[in-house]
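Chemist: Take a look at the following structure, please.
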Amino acid sequence: MNFTHSEDRQMLADTFGRHLDQQYTIDVRHRISGSPEGWSRERWLGMADLGIIGALFDERSGGYGGSGFDLAVVFEQLGRSLVVEPFLGSLMAGQALAKAGCRSDLLAQLIAGETALAFASEEPQSRYDLASLTTQAQPAQAQHDHGTWTLSGRKSVIPQLEAASHAVVSARLGKDSAGLFLVELGKPGAVVSGYKMVDGGRGGDLTLDRASATLLTDNALPLLEEITAAGIVALSWEAVGVMDVLKKSTLDYLRTRKQFGIPIGKFQALQHRIVNVAIEIEQARSAAINAAAALAGPRAARERAVSAAKYTVGRAGTIAAEESIQMHGGIGMSWELPLSHYAKRALMIGHQLGDEDHHLSRFISLAVTG
Amino acid sequence: MDLTFTPAEEAFRAEVRAFLEQNLPSMLAEKIRTAQRLSKSDHEQWHAILNQRGWLAVHWPVEHGGTGWSIEQSYIFEDELSRAHAPGVVAFGPSMLGPVLIKYGSEAQKRYWLPRILDGSDWWCQGYSEPGAGSDLASLKTSAVRDGDHYIVNGQKTWTTLGQHANMIFCLVRTSSEGRKQEGISFLLIDMKTPGIEVRPIILLDGEHEVNEIFFTNVKVPVENLVGTENKGWTYAKYLLTYERTGIAGVSRSIAALKELRRIAQAQLRNGKPLTEDPLFAARMARVDIDLRNMVTTNLRVLLASGDGAAPLEMGAMLKIRGTEIRQEITRLARIALGPQAQPFCTPEGITAQYLNYRKLSIFGGSNEVQREIISKSLLEM
Ligand SMILES: Cc1cc2nc3c(=O)[nH]c(=O)nc-3n(C[C@H](O)[C@H](O)[C@H](O)COP(=O)(O)OP(=O)(O)OC[C@H]3O[C@@H](n4cnc5c(N)ncnc54)[C@H](O)[C@@H]3O)c2cc1C
């Protein structure tokens with residue numbers, strides 16, 4: 026047993042953390058997050074130069090990582106600094122390309138930071154159910170095998186969709202099966218409409234009207250599940266990074282804010298509250314460790330671990346966000362204090378790739394079938 | 305025990321309902337139902353409509369333009385407003401300053417200021433909190449020094465709700481630093497257009513400008529704007545806190561919000577079925593529903609027991625804590641109900657923004673921690 030990261034990973038985490046502390050301060054973050062683009066291509070390139078995107082993929086795909094704990098160290102740092110660049114979509118879409126063995130050229134561009142990708146599984150009606158698809162694929166030519174198809178339908182709330190050159194899209198193939206496709210954005214029939222997100226940065230909906238698409242796999246569900254599992258490991262660690270900051274900021278505030286002539290941290294009512302938050306965060310960290318460790322393992326164990334993790338960070342994220350705002354009093358609600366932005370990110374992670382209830386019921390049914 | 309309203313009270317309910325049907329602008333109701341923000345003129349329009357019917361300052365005595373309603377009537381009125389998605393009354397003038405002036409103001413102050421609250425000539429804001437004085441309000445530092453027939457005010461107030469709309473502010477200021485800190489506080493009425501006042505916006509986490517910082521630099525305030533006696537302001541401030549507990553639990557608003565939540569959840573699908581039929585979500589809704597039904601009765605028990613509307617402090621504290629917890633839980637469930645759709649900044653019907661904004665309910669008006677202190681002192685008697 027050993028719960029420390031390997032030396033290489035720890036070094037990556039330290040280097041990236043220092044880089045973000047210096048280059049991605051909260052002011053920089055707000056400027057980028059509030060810009061018309063909602064991300065920075067320059068920062069993205071800079072992070073790629075540090076090898077951060079490469080860490081998300083294995084050697085066969087041109088990277089040097091790709092395991093659960095590689096995602097862990099990267100996304101924990103992203104959470105610590107509230108990075109808005111398109112990491113999640115790039116991770117998920119990139120892994121889809123890698124696992125399908127397609128478009129190694131695009132993957133190489135991604136790892137070099139020359140492009141970003143989006144992953145579009147959610148639909149207006151699907152509510153986290155990967156198999157609930159109304160987007161429909163039609164063969165564009167007589168022979169399916171050539172891989173050219175057209176897609177019609179709608180994909181919703183895709184993080185940083187406008188930043189991406191391509192999206193990996195799930196769609197119904199015929200009646201009963203589902204495929205994963207690669208769609209080039211900005212081409213006829215693939216219309217992106219973007220908007221600001223509650224927790225900063227931008228997201229978007231993708232309206233497909235006979236958009237030209239390349240088939241990655243015609244047996245999408247196993248791959249979708251696997252990629253979503255990677256996405257959940259990433260989000261869980263991001264949440265841990267975010268919650269650590271919430272805890273630290275609140276502890277600092279409890280030590281320094283005085284009311285009734287003493288630091289408010291002297292009030293036992295608040296002492297016990299922050300302790301509860303700390304316990305939730307340690308439990309969430311363990312859940313994130315479990316999920317990262319299970320990512321490469323057999324399906325049943327992996328899926329149970331990722332659902333457990335997402336349930337846990339969803340729950341803990343809400344508690345950490347609400348409690349740290351409350352213990353700050355009025356100032357905790359102000360835009361000016363970085364804390365409120367960490368709180369919003371912690372809350373919104375709970376709305377990505379399945380919420381508490383979704384993963385709780387999924388955990389139950391996995392336990393029954395597993 | 306009798307949990308029913310009398311026929312006279314039911315007739316009163318019908319009267320209020322008919323009034324709202326005829327007079328509540330549908331644009332305002334729609335904004336409230338969908339958690340949109342009201343503009344200054346929206347508020348003014350609604351105040352004018354209520355005032356025309358004599359229903360703006362329901363808790364004032366009749367001679368000052370109030371209604372003289374019973375507790376049950378006030379409750380029914382609030383219930384009907386909520387049911388119709390009518391805007392609430394902006395509390396600062398009618399519910400906060402008005403009662404203080406009626407009890408402690410001079411005849412001249414009552415004659416001048418009360419009608420101006422009713423007819424909308426003045427928009428008041430509340431200048432209590434300071435950067436260093438939140439829960440420990442009595443440690444406030446903004447000073448007022450007597451200079452002939454004026455006070456000279458220096459200092460800073462903060463979190464001033466809708467101060468950007470206000471032309472008047474009622475302030476707690478320090479007029480003495482001797483003795484207990486509660487004993488050197490006075491209650492002053494200040495014209496926001498006086499030279500030396502600067503209002504700066506504070507943007508909240510939902511991106512909205514709702515509160516402000518207000519800076520006072522050598523602001524001259526005529527002594528006739530002192531309410532009551534110098535150094536007795538703490539008593540008036542506390543009176544303002546205990547007065548009018550009908551609304552504190554927000555029961556009626558929660559009932560309306562729960563109904564909206566049910567509608568929102570009905571329109572969301574999970575596994576092809578409405579979210580209201582999802583066992584986990586249905587259980588969440590049921591829990592808050594039960595809590596709210598209990599609170600309806602707790603609230604009425606406290607109100608009726610307190611007779612004239614001034615509930616014992618610890619009972620009011622209980623209503624405040626659980627009432628705000630219920631309201632916050634409903635906004636939390638609405639956020640959850642939206643699923644992935646909760647993430648865009650402009651969510652349907654402002655749901656995520658309202659969830660974030662309503663974090664304030666457990667912070668202001670005496671934080672829920674401070675309320676628990678009040679209750680534990682009273683329970684433990686030690
Ligand atoms: C949206 C909003 C609108 C507001 N509008 C107005 C307004 O119009 N006018 C106005 O004057 N004020 C207004 N306020 C201010 C509000 O009244 C204060 O925020 C409140 O009194 C808490 O003070 P504080 O923010 O300084 O927090 P603090 O008092 O610093 O409290 C920080 C934390 O410590 C806790 N705490 C403090 N003392 C104790 C204790 N003894 N035991 C246990 N826990 C304790 C608090 O509960 C809180 O969790 C508003 C606030 C908000 C958020």
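Listed in order, the protein sequences are those of chains F and S.
Each residue of the first sequence is one higher than the last, beginning at 26 in the working numbering.
Each residue of the second sequence is one higher than the last, beginning at 305 in the working numbering.
Ideal Cβ positions, reconstructed from N, Cα and C, are used throughout, including at glycine.
1) Please list, in chain order, the chain F residues whose beta carbon lies closer than 9 Å to that of residue 516/S.
2) Scan the region 241 to 266 of chain F and note each continuous alpha helix (DSSP H) run of 4 residues or more that stays entirely inside, going in chain order.
3) Restricting to Cα atoms, I'd like to know which of 529/S, 534/S, 505/S is closest to residue 481/S.
4) At a cut-off of 6 Å, is residue 489/S close to ligand 1 when judged by its beta-carbon and the heavy atoms of the ligand?
5) Closer than 7 Å, CB to CB, is residue 644/S near chain F or not?
6) For the 8 Å Cβ check, are there 3 or more pairs between the region 105 to 112 of chain F and the region 48 to 59 of chain F?
7) Quick one: measure Cβ to Cβ for residue 274/F and residue 190/F, integer angstroms, because I've assumed they're closer than 8 Å.
8) Just confirm the distance between the C-beta atoms of residue 380/F and residue 640/S, as a whole number of angstroms; I'd bet it's less than 8 Å.
9) To the nearest angstrom, how far is it from the Cα of residue 585/S to the Cα of residue 477/S?
10) Going along the chain, which residues of the region 208 to 234 of chain F sit with their C-beta nearer than 8 Å to a C-beta in chain S?
11) Using DSSP with H/G/I as helix, E/B as strand and the rest coil, what is residue 229/F?
12) Let's test the definition: count the other Cβ atoms within 10 Å of the Cβ of residue 471/S and tell me whether it reaches 16, buried, or not, exposed.
13) What is the C-beta distance between residue 430/S and residue 464/S, in whole angstroms, given that I count them as a contact (C-beta under 8 Å)?
14) Using a Cβ-Cβ cut-off of 7 Å, state whether residue 649/S counts as contacting chain F.
15) Would you kindly work out how many angstroms separate the C-alpha atoms of residue 402/S and residue 660/S, rounded to a whole number?
16) Closer than 8 Å by beta-carbon distance: list the chain F residues that pair up with residue 316/S, in chain order.
17) Which same chain residues, not among the five before or five after residue 633/S, have their C-beta less than 7 Å away from its C-beta?
18) Helix, strand or coil: which one does DSSP assign to residue 347/S?
19) Would you say residue 663/S faces chain F, with C-beta separation under 7 Å as the test?
20) Three-state secondary structure (DSSP) at residue 222/F?
21) Jot down the residue ranges of each uninterrupted alpha helix (DSSP H) in the region 397 to 480 of chain S, minimum 4 residues, whole runs only, in chain order.
22) With respect to the beta strand (DSSP E) encompassing residue 490/S, which residues constitute its N-terminal and C-terminal limits?
23) Short of 9 Å Cβ to Cβ, which residues in the region 132 to 157 of chain F face chain S?
24) Please compile the residues from chain S whose C-beta is within a distance smaller than 8 Å of the C-beta of residue 55/F.
25) Would residue 187/F pass as a contact of residue 138/F if the rule is Cβ separation under 7 Å?
26) Helix, strand or coil: which one does DSSP assign to residue 284/F?
27) Compare the C-beta of residue 538/S with all C-beta atoms of chain F and state if any pair is closer than 7 Å.
28) Span of the beta strand (DSSP E) holding residue 504/S?
29) Can we count residue 352/F as close to ligand 1, meaning its CB is less than 6 Å from some heavy atom?
30) Quick one: residues in its chain with C-beta nearer than 7 Å to the C-beta of residue 240/F, no 5 flanking neighbours on either side, listed in chain order?
31) So the beta strand (DSSP E) residue 323/F belongs to, where does it begin and stop?
32) So does residue 331/S have its beta carbon nearer than 6 Å to some heavy atom of ligand 1?
33) Candidates 587/S, 491/S, 514/S, 683/S: which alpha carbon is nearest residue 537/S's?
34) Starting from the Cα of residue 488/S, find the closest Cα among 474/S, 544/S, 426/S, 447/S and give me that residue.
35) Could you list which residues in chain S have their beta carbon closer than 8 Å to that of residue 369/F, in chain order?
36) Quick check: what's the CA-CA separation for residue 420/S versus residue 286/F?
Modeler: Considering the structure as presented:
1) Position 212 of the second sequence, counted from the first residue, corresponds to residue 516/S. For a Cβ distance threshold of 9 Å, nothing in chain F lies close to residue 516/S: the least Cβ distance comes to about 12 Å.
2) none
3) The residue given as residue 481/S occupies position 177 in the second sequence. Taking only the C-alpha atoms, the option nearest residue 481/S is 534/S.
4) Counting from one through the second sequence, the residue named residue 489/S turns up at place 185. No, ligand 1 has no heavy atom inside 6 Å of this Cβ.
5) Locating residue 644/S in the second sequence gives position 340, counting from the first residue. Yes, residue 644/S lies at the interface with chain F (some Cβ there is under 7 Å from its Cβ).
6) By the Cβ test, the region 105 to 112 of chain F is in contact with the region 48 to 59 of chain F, since at least three Cβ pairs between them sit closer than 8 Å.
7) Along the first sequence, one-based indexing puts residue 274/F at 249. Along the first sequence, one-based indexing puts residue 190/F at 165. 36 Å between Cβ atoms; not a contact.
8) Reading the first sequence from its first residue, position 355 is the one you call residue 380/F. Reading the second sequence from its first residue, position 336 is the one you call residue 640/S. About 6 Å separates the two Cβ atoms, so the contact holds.
9) Numbered from 1 along the second sequence, position 281 holds the residue referred to as residue 585/S. Numbered from 1 along the second sequence, position 173 holds the residue referred to as residue 477/S. Taking the straight line from one Cα to the other gives about 49 Å.
10) If you check each beta-carbon in the region 208 to 234 of chain F against every beta-carbon of chain S, the ones closer than 8 Å belong to 220, 221, 222, 223, 224, 228.
11) Position 204 of the first sequence, counted from the start, is the residue given in the question as residue 229/F. Here residue 229/F sits in strand by DSSP.
12) Within the second sequence, numbered from 1, the residue matching residue 471/S stands at position 167. Classification of residue 471/S: exposed, given that the 10 Å Cβ count is below 16.
13) Numbered from 1 along the second sequence, position 126 holds the residue referred to as residue 430/S. Numbered from 1 along the second sequence, position 160 holds the residue referred to as residue 464/S. Confirmed, about 7 Å.
14) As a position in the second sequence, residue 649/S is number 345, starting the count at 1. For residue 649/S, the answer is yes, since a Cβ of chain F falls inside 7 Å of its Cβ.
15) In the second sequence, counting from the first residue as 1, residue 402/S sits at position 98. In the second sequence, counting from the first residue as 1, residue 660/S sits at position 356. Looking at the two C-alpha atoms, the distance is approximately 30 Å.
16) Within the second sequence, residue 316/S is the residue found at index 12, counting from 1. By Cβ distance, chain F contributes nothing, its closest Cβ being about 38 Å from residue 316/S, past 8 Å.
17) Working through the second sequence from its first residue, we reach residue 633/S at position 329. Residues 592 of the same chain have their beta carbon placed closer than 7 Å to that of residue 633/S, with the five preceding and five following residues left out of the count.
18) For the purposes of this step, residue 347/S is taken as the residue at position 43 of the second sequence. It is helical.
19) Your numbering for residue 663/S matches position 359 in the second sequence. Closer than 7 Å to some Cβ of chain F, the Cβ of residue 663/S qualifies, so yes.
20) Position 197 of the first sequence, counted from the start, is the residue given in the question as residue 222/F. Of the three classes helix, strand and coil, the one that applies to residue 222/F here is strand, per DSSP.
21) 402 to 408, 411 to 422
22) Locating residue 490/S in the second sequence gives position 186, where the first residue counts as 1. That run of the beta strand (DSSP E) goes 489 to 495.
23) Residues of the region 132 to 157 of chain F with a Cβ closer than 9 Å to any Cβ of chain S, in chain order: 147, 149, 150, 151, 152, 153, 154, 157.
24) For the purposes of this step, residue 55/F is taken as the residue at position 30 of the first sequence. The premise fails here: residue 55/F is roughly 12 Å from chain S at the closest Cβ pair, so nothing lies under 8 Å.
25) Taking the first residue of the first sequence as position 1, residue 187/F is located at position 162. Taking the first residue of the first sequence as position 1, residue 138/F is located at position 113. At the C-beta level, residue 187/F and residue 138/F stay beyond 7 Å of one another.
26) On the first sequence, residue 284/F is found 259 positions in, with the first residue counted as 1. Strand, per DSSP.
27) For the purposes of this step, residue 538/S is taken as the residue at position 234 of the second sequence. It does not: the Cβ of residue 538/S has no partner Cβ on chain F nearer than 7 Å.
28) For the purposes of this step, residue 504/S is identified with residue 200 of the second sequence, where counting begins at 1. Segment 501 to 507, the beta strand (DSSP E) holding residue 504/S.
29) On the first sequence, residue 352/F is found 327 positions in, with the first residue counted as 1. Between ligand 1 and the CB of residue 352/F, the shortest heavy atom gap is smaller than 6 Å.
30) The residue labelled residue 240/F in the question sits at position 215 within the first sequence. Hits under 7 Å: 172, 174, 204, 206.
31) Along the first sequence, read from residue 1 onward, the residue named residue 323/F stands at position 298. First-last for residue 323/F: undefined, no H or E at that position.
32) Along the second sequence, one-based indexing puts residue 331/S at 27. Every heavy atom of ligand 1 is 6 Å or more from the Cβ of residue 331/S, so no.
33) Taking the second sequence and counting its residues from 1, the one referred to as residue 537/S is at position 233. Of all alpha-carbon atoms in 587/S, 491/S, 514/S, 683/S, the one lying nearest the alpha-carbon of residue 537/S is that of 491/S.
34) The residue given as residue 488/S occupies position 184 in the second sequence. Ranking the options by Cα distance to residue 488/S, first place goes to 447/S.
35) The residue given as residue 369/F occupies position 344 in the first sequence. Result: 509, 660.
36) One-based indexing of the second sequence puts residue 420/S at position 116. One-based indexing of the first sequence puts residue 286/F at position 261. Their Cα atoms are separated by approximately 40 Å.
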